[in-house]
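Enquirer: Encoded as structure tokens, here's the structure I'll be asking about.
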């Protein structure tokens, strides 16, 4: 395999939930090495984070600009090869932009940027620079999400007719929750989070999952968004009817105001001859109801012969040894690292089903924009393709 | 208890699914006696059905008009006291009307009538006649549906914010299914079923369940209905956004074109401090997620001390002895029979939570009308209260 | 179909749980009519029970002896045709005996009698008299229990290797529970319940289910029984290793001292090529794990084409309309009534898979005796066939 | 935190399942660094494995003896600090022994050794050497297993009465399976695996889980073991009754011949006032049935306030972000690394609930020995404490 892929990280200092997850995911398969980072806008916290991670203090930077500058001056076989962007949303764009400009590949937490316009601008830079850009739409990286996609792509169940996706969370259900944690405070702040709260934060996950499962695009949306919790500036709850570009219809619900809920992302895809069901909280099981047959429960497992080869390659353990959220994240890192390695070795890039691309990021932000506009216009139908075409 | 309540039935001859269910439900608790019937428009089948049921052949009638006429000439303590209406939808109205006019109480399968206008006309007759009228919205008669209603009514979970209800079925998923059975053929025929197919048939169940759980009314609807199966004249699939009259929002999905689905009616009610989940296919369990607490699974059972008294009264067995669809139906029959007994004994009518009333029937048809109009008007929001006020 | 089958009942007066269940089960399909009864040893309660049931007061008797005497003097087409025995265990034998002697068929709640010897004596009387005798081992009358039996009988899964059956209940978990109800008090009283408590009461259900599923007999037992609750005279908890007569092994657990448990009877059958799982509390689902295939969930339903015909005949509703405990009981009553009708019409008896026979009763009591002896002898292996041969 | 803990590994070369898991677990939290290894008895495979892992070729050894020798000659702050032993069972003892003798801490896959006698000998060496010794009984390292232990330890549910544990697997169900993989072949070979097959391999997991949950010791066993698959030399299936040292009873089933099963380890603990249920295949949920209350489902999650602090410390993600088998393994590695760090810093060792100790290893092998002896002696009760006292 050769030397590990060298990663730099922006964001993810002490107290940040998602940064730690990214690091665990990156380290899981032993193919990536964290060698540099700019972990916090607070210099002391950034330094301390780097120390705890055992990094060379010289490579723990106080600004991302400085990091990109200094790293690009290091020898080619020593400098970072890609940047993992795990900051709050408002920094995704500038950090990604700067990294690409400085000549680094980028793997970014979603959303790609705070607004549709920014995301389109980022897309231009990705195309212009020629560097690799990946988005961590984690829920599509579970093995059985990929199996669902494969079943639907083969047309085994006939035409897709209806999709129901819902993503209820409860952690922002009360007014006081907004100030309860670092994660909560920036997500409910328009200056950090962008024009949408809940729909940008988790509605985009639901949107991506629909497109990932069906291989189709959401082309129109008819939405009803609201802020149910007092004095909240951004949407924290909403639902939408939608149309897929090959004719199916669906509903999408996303809410962070559902008291008592955890992280209950779930999707149902109904087709002519059968239907599929998957719940993120029970990710190692995919329910398949074929007409006239017993319900089939497909299980994740590297040894499950009935799964597609590409799906089994996403499993690290045999059936009955549960994998989870971190492993799903690690699937993205592993595939992205493999792509970076291709670049290092000047070989053609290996396709990955689980690394989100900038186009997925654009469509996600187009969906958010469309949903906001529809909601403002009394839930009129809004076509999405004009946003990205 | 005294003598059993005497029931006459219209519809439900051999080969009819729901008629047999009504009879089992009526007989389960030993308080109702089937003494007369007009089981089929086909005289031979009607006669044969009556014989199989062990009825006195004199009381097996060839038309419902004849039945009401002859029964009303029998002695008061011998004639039927109420009529169970289990015909296809297009006869619900004329049979119910005639029964009320002839002086009989009516317990009708839903919908009350084929259209909103007919249902309003029926309501007038119910009010005018003063006889009892009940609708079998069966799914609201499960014990734990009633428990959910009680929890929400007490405000234990704070304000209702969002309701998600879905009713996917698959038995009409293919074009050939429409001619596959007696049940299918009239449901897909506008002359028998009314102006709507799926939304009238099962969307009304979902609508009723939302109103039953929350104690609120669906006041506005924004819908998208379609016929996905070729050459079908009525909607067989659709979804809607809706608003409840106390401010919550929701989505309702109803489809009979979901290949592989059974009868998967399910509802989620999300509130400030907790959320509730119930699935008709696992009716003896109600999931309650309170903020900060383990998920609670409430179980049905006459001995479950944590259930409300009125809920335990709807259980015939202790916890762990599953009850089902027929028992839910029987809960309606038992309560309706108790009301008929009150009338027989000239006592005040005992309230029942599980017997649907004509107003529920009106609101259900208003919902169907509103959904159709919204769908025709590019999913505009349509207010429902004008229909029933 | 002709006239209903006429049933007399012994036991099951007001406050008795199981008697009411038997009556609902008997009435469900409209083929049986309760015409006489001796409901209680307390004359006033018996009389009142009969009145509430709407019986002719002349046919509500103060003793079962009197009932059998007077009924047998009524005209043949009016007198009861079979007796439903729903008394506490100690009366099963004398009532059944007297009924057979008086010329009535008997359908008895289990166990057939309090001891092995009594059960063998009863078997002699059954054989001698030639009347029909049935036992209500209800859990084997669920449709999917029958489907499991059919799958195993066909050898689809290869040889049975291991069976795990458990029946944990919690309603007698504390000392005070023994006096908490009518049901509890006689079950913990050796003079009413026989030589065993828990193993006779529910261990026999587990035993029957093992033999029913596998079509094999439990031939040896190695048991460890105990009374865990202070001052209880009979076993209230125990477990056993067992051998089946075709070589498989298993474990059986039965306890009424498991705090918090409901009625959690469950069974797993492990074979060469696949395994089966069924839980009484979720009776409409049978889990089938075939080697190398997704897990299959078979659902109950009259319209489930993948079920055997005999199984679908035990379903009253299509898939997704749950049936339960009462319907399982009703399956026994319906089949037993069909057998009584055969006798009435002097036709050959139709076999039934769900009506337990006296041999099953003998084997169940042999199992209890063997388990008690094994437990007393430091869990030595005890062969069961000597008891019944 | 300071520098990472340096690990050497013995076993786990290419094609070995469990070695890769250990490495992922060790790397997950960024506190351990793999710096040396002897990955295979095949020199070429060992070398290639080391290369793929990016190790310094000088520290990829051809024998473990050589590794311990050379590593101990390296500078103190460079040499390995502990050895991860992931070989087939027959090498656990010699490798662990040699590592301790050479002055390294040991974290060993279970079982500690092939036989009871060897395990006792190893215990002597552990005590004598004073080095840390840990066993990876992974299933006890899931957060909710620890929560179950805490609930039972506090006595919230009253006395434990009965424990049911089962570990059915299917991967060795057919004769051909024994030669199907590296994992299978040594497990069915007495010269590699020891005196027992299935009971040593997975029965010990079940045994450990019982003791872990209850905080009690299995003191007596009455077992029935067999080889159900033709020509297999060791047990591949069995069950046992057992007694806990504070009076409870239980059953333990372990089988690798259950066709279609995955890795279905599950445990039920029944107490006076409530019962607990946990399944390894759904590890993020613990079912708690308290008498008279709804069933409670406890969920894993760092943010679940109702979990004990020590349990939340074992969670890396908030509720609804599933963790799995690798994370459970990583919990052991993290705790063991923390202990090694204590030693490095000459501080008192921090207790860990999830790192198995050598005494647990001794008791597990005593259980296997007792079960074998019981089975040979017609399932007589065998006391276990004489084996370890």
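Chains as they are written, first to last, in full-length UniProt numbering: chain L, 1 to 389; chain U, 1 to 389; chain C, 1 to 389; chain S, 1 to 389.
Think of the CB as a built atom: it goes at the ideal place given N, C-alpha and C, for glycine as much as any other residue.
Keep in mind it's a predicted model, so treat the numbers as computed, not measured.
Measure the Cβ-Cβ separation of residue 116 (chain L) and residue 284 (chain L) and say whether it is below 9 Å.
Expert: Not a contact, by the Cβ cut-off of 9 Å.
Enquirer: Which of the three DSSP states is assigned to residue 156 (chain L) in this structure?
Expert: Coil, per DSSP.
Enquirer: To the nearest angstrom, report how far apart residue 95 (chain S) and residue 32 (chain S) are at their CA atoms.
Expert: Cα to Cα, the separation comes out at about 20 Å.
Enquirer: Would you be able to state if there are at least three C-beta pairs under 8 Å between the stretch 160–177 of chain S and the stretch 246–258 of chain S?
Expert: The stretch 246–258 of chain S vs the stretch 160–177 of chain S: in contact.
Enquirer: Contact criterion: CB-CB distance below 9 Å. Does residue 227 (chain C) meet it with respect to chain S?
Expert: No, because no Cβ of chain S sits closer than 9 Å to the Cβ of residue 227 (chain C).
Enquirer: Measuring only the C-alpha atoms, how far is residue 293 (chain L) from residue 232 (chain U)?
Expert: Distance between the alpha carbons of residue 293 (chain L) and residue 232 (chain U) is about 25 Å.
Enquirer: Using the beta-carbon of each residue, which ones in chain C are nearer than 9 Å to residue 269 (chain L)?
Expert: By Cβ distance, chain C contributes nothing, its closest Cβ being about 17 Å from residue 269 (chain L), past 9 Å.
Enquirer: Considering only residues of the stretch 16–80 of chain U, which uninterrupted beta strand (DSSP E) runs meet the minimum length of 3 residues and lie entirely inside it, listed in chain order?
Expert: With a minimum length of 3 residues, the continuous beta strand (DSSP E) runs that stay inside the stretch 16–80 of chain U are 32–38.
Enquirer: Does DSSP classify residue 333 (chain L) as helix, strand or coil?
Expert: It is helical.
Enquirer: Nearest CA to the CA of residue 288 (chain U): which residue from S:298, S:281, S:280?
Expert: Nearest C-alpha to residue 288 (chain U): S:298.
Enquirer: Kindly say whether residue 50 (chain C), judged by its beta-carbon, lies nearer than 9 Å to any beta-carbon of chain U.
Expert: So, not an interface residue.
Enquirer: Please determine, among C:151, C:137, C:102, C:150, the residue with the shortest C-alpha to C-alpha distance to residue 131 (chain C).
Expert: For the residues C:151, C:137, C:102, C:150, the minimum Cα distance to residue 131 (chain C) belongs to C:102.
Enquirer: Could you confirm whether any beta carbon from chain U is found closer than 9 Å to the beta carbon of residue 306 (chain C)?
Expert: Chain U contact via Cβ: absent.
Enquirer: Using a Cβ-Cβ distance under 9 Å, would residue 297 (chain S) count as near chain U?
Expert: It does: the Cβ of residue 297 (chain S) has a partner Cβ on chain U nearer than 9 Å.
Enquirer: Look up residue 340 (chain U) in the DSSP assignment and say whether it is helix, strand or coil.
Expert: Helix.
Enquirer: Assuming residue 271 (chain U) contacts residue 238 (chain U) under a Cβ cut-off of 8 Å, what Cβ separation, rounded to an integer in Å, is found between them?
Expert: 26 Å between Cβ atoms; not a contact.
Enquirer: Is residue 272 (chain U) close to chain L? Criterion is C-beta to C-beta, closer than 9 Å.
Expert: Chain L, which has a Cβ nearer than 9 Å to the Cβ of residue 272 (chain U), makes this yes.
Enquirer: Are residue 107 (chain C) and residue 355 (chain C) touching if we call contact CB-CB under 9 Å?
Expert: Closer than 9 Å, so yes.
Enquirer: Between which two residues does the alpha helix (DSSP H) harbouring residue 275 (chain L) extend?
Expert: First-last for residue 275 (chain L): 274–279, but that is the beta strand (DSSP E), not the alpha helix (DSSP H).
Enquirer: What in chain B is Cβ-close to residue 28 (chain U), meaning under 8 Å?
Expert: Reference to chain B is not applicable here, since the protein chains of this structure are L, U, C and S.
Enquirer: Keeping to the same chain, check which residues put their C-beta closer than 6 Å to that of residue 175 (chain C); ignore five residues upstream and five downstream.
Expert: If we look at residue 175 (chain C) and ignore the five residues flanking it on each side, its Cβ neighbours are 229, 230.
Enquirer: Using DSSP with H/G/I as helix, E/B as strand and the rest coil, what is residue 298 (chain L)?
Expert: Strand at residue 298 (chain L).
Enquirer: Leaving out five residues before and five after residue 290 (chain U) in sequence, what residues of the same chain have Cβ atoms less than 6 Å from its Cβ?
Expert: So the list reads 274, once near-sequence residues are dropped.
Enquirer: Give a yes or no on whether the minimum CB-CB distance between residue 152 (chain L) and chain C is below 9 Å.
Expert: Output row for residue 152 (chain L): interface = no.
Enquirer: Can you grab the Cα-Cα spacing for the pair residue 52 (chain U) / residue 184 (chain U), in whole Å?
Expert: Cα to Cα, residue 52 (chain U) sits roughly 25 Å from residue 184 (chain U).
Enquirer: I think residue 389 (chain U) touches residue 382 (chain U), with their Cβ atoms under 8 Å apart; what is that distance to the nearest whole Å?
Expert: Actually they are not in contact, since the Cβ atoms of residue 389 (chain U) and residue 382 (chain U) sit about 14 Å apart, beyond 8 Å.
Enquirer: By the DSSP assignment, the beta strand (DSSP E) with residue 82 (chain U) in it spans what residues?
Expert: 82–85 is the span of the beta strand (DSSP E), which, as asked, contains residue 82 (chain U).
Enquirer: Given that residue 53 (chain S) touches chain L, what residues does it touch there, using C-beta distances under 7 Å?
Expert: Residues of chain L passing the Cβ test: 30.
Enquirer: Leaving out five residues before and five after residue 321 (chain C) in sequence, what residues of the same chain have Cβ atoms less than 8 Å from its Cβ?
Expert: Closer than 8 Å at the Cβ level, and outside the excluded window around residue 321 (chain C), lie 301.
Enquirer: Where residue 353 (chain C) and residue 310 (chain C) are concerned, what is the direct C-alpha to C-alpha distance, given to the nearest angstrom?
Expert: Roughly 9 Å between the two C-alpha positions.
Enquirer: Which residue comes first and which comes last in the beta strand (DSSP E) that contains residue 250 (chain S)?
Expert: That run of the beta strand (DSSP E) goes 249–255.
Enquirer: What is the DSSP secondary structure of residue 108 (chain C), reduced to helix, strand or coil?
Expert: Strand at residue 108 (chain C).
Enquirer: Can you list, in chain order, the residues of its chain with a C-beta nearer than 6 Å to that of residue 203 (chain C)? Leave out the 5 residues immediately preceding and following it.
Expert: Counting only Cβ-Cβ distances below 6 Å, and skipping sequence neighbours, we find 254.
Enquirer: What is the C-beta distance between residue 190 (chain U) and residue 122 (chain U), in whole angstroms, given that I count them as a contact (C-beta under 8 Å)?
Expert: Going by Cβ atoms, the distance from residue 190 (chain U) to residue 122 (chain U) rounds to 20 Å, so no, they are not a contact pair.
Enquirer: Quick check on residue 196 (chain S) - is its C-beta less than 9 Å from some C-beta in chain C?
Expert: No, its Cβ sits nowhere closer than 9 Å to a Cβ of chain C.
Enquirer: Taking 8 Å as the cut-off, does the CB of residue 13 (chain C) come closer than this to any heavy atom belonging to the ligand FMN?
Expert: As presented, the structure is devoid of all ligands, the ligand FMN included, so that no description of it is given.
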